[in-house]
Amino acid sequence: MELSKNPKVNTKIYGEFKYNSYLDTINLKGDDYRSIRLYLGIFKKEHSIKELKSIKLDTFISLNENDRNIPFYLKFEEKGDFVVDGYVEDVVFLNNYKNGGTRILTNETKVIGNVKVVDN
Numbered sequence: 133m134e135l136s137k138n139p140k141v142n143t144k145i146y147g148e149f150k151y152n153s154y155l156d157t158i159n160l161k162g163d164d165y166r167s168i169r170l171y172l173g174i175f176k177k178e179h180s181i182k183e184l185k186s187i188k189l190d191t192f193i194s195l196n197e198n199d200r201n202i203p204f205y206l207k208f209e210e211k212g213d214f215v216v217d218g219y220v221e222d223v224v225f226l227n228n229y230k231n232g233g234t235r236i237l238t239n240e241t242k243v244i245g246n247v248k249v250v251d252n
């Protein structure tokens, strides 16, 4: 995860998460579908994916279906050391799979970054 170095208090920063997964090797056909979502929050300590699922997080997606770079914006409201903590949820829906059913493949990947926020 790429974050700005030493962002300033109350300044919105841009970041980008470059995502790669073993699910990238799947060739989608016809009405198959893939959804990749990045969930992020700003905390003082790291959390497990299970803990993060019970917390309200910001959600980000790539606007280009073939692009695995997910842009995000964050705003830090106070100075100090923070953890940008979250996970990526990658879901592939293979439709018309064996007898017309749908096969769903899911991969969750933890993401984390440390940030030192400074005064304006």
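With my numbering as the guide, the letters of the sequence shown map in order to residues 133 to 252. Each residue gets a CB set at the ideal place from its N, CA and C atoms; glycine is no exception.
When secondary structure is reduced to three states using DSSP, Y154 falls in the helix class. Under the three-state reduction of DSSP, E183 is assigned to helix. Taking the Cα positions, I244 is about 8 Å away from E178. For N152, the closest of V216, V220, K230 by C-alpha to C-alpha distance is V220. With contacts defined as CB atoms closer than 9 Å, L172 and V224 fail to qualify as a contacting pair. In the displayed model, N201 falls within a strand according to three-state DSSP. With 16 or more neighbouring CB atoms inside 10 Å of its own CB, G147 falls in the buried class. In the three-state DSSP reduction, D163 falls in the coil class, being neither helix nor strand. Here E240 is bridged, per DSSP, to E221.
Per DSSP, the beta bridge partners of G233 are Y229.
If you draw a 10 Å sphere on the C-beta of I236, you find fewer than 16 other C-beta atoms in it, and that means exposed.
Residues V224 of the same chain have their beta carbon placed closer than 7 Å to that of I158, with the five preceding and five following residues left out of the count.
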